[in-house]
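Per full-length UniProt numbering, the sequence shown runs over residues 1 to 441.
See structure below.
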Amino acid sequence: MTRLALSSADLPVFFEARHAALAARLTPEALAPLAGASDAAEVARCLGEPLGLYAHLVPKALGGAPRCAGGPASPTYVDVRSLVLVREALGQVSPLADAIFAVQGLGSYPIVLAGSDAQRRALLPDVISGRRIGAFALTEPEAGSDVASLRTEARRDGDGWVLDGEKVLISNVPLAHHAVVFARTGAAREGPAGPGAGGAAARRGGRGEITAFLVDMGAPGVSSAPLPMSVAHPIGRLRFDGCRVPDSARLGDVGGGYRLAMQTLDAFRISVGAAANGMAARALREAVAHVTRRRQFGAPLSDQQMVRAYLAEMATDLDASRLLVARAAHLRDTAGAGQRDAGAGGAGSARARASTEAAMAKMFATEAAQRIIDRAVQLHGGMGVIEGTEVERLYREIRPLRIYEGTTEIQKLIIAKGILERAAAEPPADETGGGRGGEAT
């Protein structure tokens with residue numbers, strides 16, 4: 001049977017034997033219930049039971065899938081290489097299923113990281129089974145990449161909180177049973193809070209205190225509405241009008257929301273690149289099938305030198321993307337484990353490098369997938385822009401991946417920041433060019 005994702009058999013440097021076992025299960029036959037499915041609620045249910053894929057969003061210690069040997073010791077850590085395998089496979093079969101799976105992760109990982117024991121026991125089993133669907137409510141009309149400028153407020157009221165504000169472009173709305181909502185709980189402060197900002201202010205939320213809350217979508221004061229999108233995914237807006245939640249609905253510390261949001265996005269960013277690779281692989285396969293079948297000027301299109309050049313570029317882009325994603329996922333899974341690959345800076349520098357490489361993987365894979373799919377449309381000619389054809393659908397599906405979970409431009413800032421910080425931490429080169437830090441050569 002054909003596998004839909006890379007594994008240790010393909011890239012033994014980055015994957016382990018247990019990843020090969022997972023990849024072997026991710027076949028077109030196994031994922032057939034998702035192929036062509038358009039009912040988002042049914043797709044969301046199927047990802048939980050019978051497929052069991054949501055288990056990879058929760059650590060084994062909390063009832064989910066086991067992580068690979070050699071990963072970080074934290075019981076809250078999710079194996080990123082497993083996420084990469086799942087999302088590449090879903091990207092090939094059903095971008096709708098991939099989007100729902102990804103947001104189920106974003107809407108549940110804050111519970112894994114910062115939830116109380118009671119919250120974890122009550123919610124995570126249903127997240128794994130698919131009986132409960134989550135959402136990640138961060139983006140606002142005036143707060144996209146600039147997270148610290150969000151305006152949704154949560155004010156203390158007795159032994160609870162009252163939320164007021166609006167969120168937009170929230171995936172899994174209206175499917176979601178709960179949303180992790182990020183709201184301002186402290187007065188705004190002056191100062192930088194962008195992707196290049198550092199220090200305590202940025203960790204607390206830049207220009208103001210941000211706190212995360214677990215909000216039931218059926219609670220009084222919560223309303224939602226779908227948004228018309230270029231892709232048929234469940235996406236909408238949320239409004240909170242005097243929505244009262246108990247303090248027990250808070251996730252983590254007051255003021256800890258910004259850090260929690262960044263930790264969550266950082267954990268899943270690499271897998272966005274894997275989803276892009278899946279869509280690109282499907283587009284390449286469709287293009288190859290078309291040019292070998294389609295005849296023009298008395299010969300198959302595949303005999304044309306220009307067509308072969310396009311295929312070469314597409315295949316090379318895809319392989320480069322897969323390597324970047326696999327490397328970033330491996331580093332993320334092993335950073336700090338025995339300080340491997342950490343160098344003189346120890347585990348901390350390894351984690352910083354992991355964040356930089358995650359941004360590289362997300363940026364390159366999504367941009368490359370856009371190029372590959374665009375080429376596939378071009379090779380299909382007029383058929384490529386007929387609504388409902390596979391490459392036309394992929395053309396619409398790939399575009400949001402260059403925006404969500406950090407735009408391409410934000411990834412470039414993260415990468416540059418990592419490069420400059422690493423350079424600043426290195427010993428100065430000998431001015432004679434003969435070594436580092438005055439060492440004899």
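Note that CB positions come from ideal geometry on N, CA and C, so glycine has one too.
At the C-beta level, A275 and R87 come within 8 Å of one another. From the listed residues T152, A122, G107, L238, the smallest Cα separation to L260 is found for G107. Remark: C-beta atoms of L124 and V58 approach each other more closely than 8 Å.
L379 sits close to V307, with the two beta carbons spaced by under 8 Å. At least 8 Å separates the beta-carbon of I128 from that of G221. Taken in chain order, no unbroken stretch of beta strand (DSSP E) lies wholly in the region 302-342 with a span of 3 residues or more. G298 and G382 have their C-alpha atoms some 19 Å from each other. A137 sits in a strand when the DSSP states are folded into three classes.
Within the region 7-92, complete beta strand (DSSP E) segments of at least 3 residues are not found at all.
Secondary structure note for S171: it is in no alpha helix (DSSP H), and the uninterrupted beta strand (DSSP E) holding it is 160-171. A distance of 8 Å or more separates the beta carbons of G186 and G242. Put simply, the backbone Cα of A21 is about 44 Å away from that of S149. For T334, the number of other beta carbons within 10 angstroms of its own is at least 16, and it is reported as buried. In the structure shown, R237 adopts extended strand secondary structure according to DSSP, grouped into three states. In the structure shown, the three-state DSSP call for S223 is strand.
In this structure, DSSP gives R393 a helical state, which the three-state scheme calls helix. Excluding five sequence positions before and after A225, the CB atoms of its chain that fall closer than 6 Å to its own CB belong to G236, R237, given in chain order.
Separation of the CB atoms of R155 and E142 is rounded to 19 Å, and the pair is thereby denied contact status at 8 Å.
Straight through space, the alpha carbons of H290 and Y77 are spaced by roughly 43 Å.
Within the same chain, Cβ atoms closer than 6 Å to the Cβ of A329 are found at V80, R81, V84, I270, the five residues on either side in sequence being excluded. Per DSSP, reduced to three states, the secondary structure at E387 is coil, with no helix or strand assignment. Put simply, the backbone Cα of G36 is about 14 Å away from that of A30. Restricting attention to G252, E16, R132, A354, the CA atom closest to the CA of C46 is found in R132. Pairing S355 with Q304, the inter-Cα distance amounts to about 42 Å. A check of alpha carbon separations from A352 across I414, T389, G115, R282 identifies I414 as the nearest. Leaving aside the five residues that flank R322 on each side, the residues in its chain whose CB is nearer than 7 Å to its CB run, in chain order, L6, N277. Looking at the backbone, the Cα of R3 and that of D247 are separated by about 46 Å. Counting only runs that start and end inside the region 348-382, there is no alpha helix (DSSP H) element of at least 4 residues. Going by beta carbons, A135 and A176 fall inside the 8 Å limit. Sorting A232, A102, F182 by C-alpha distance to the C-alpha of L214 places F182 at the top. Going by beta carbons, T139 and L163 fall outside the 8 Å limit. The C-alpha of P228 lies about 9 Å from the C-alpha of P234.
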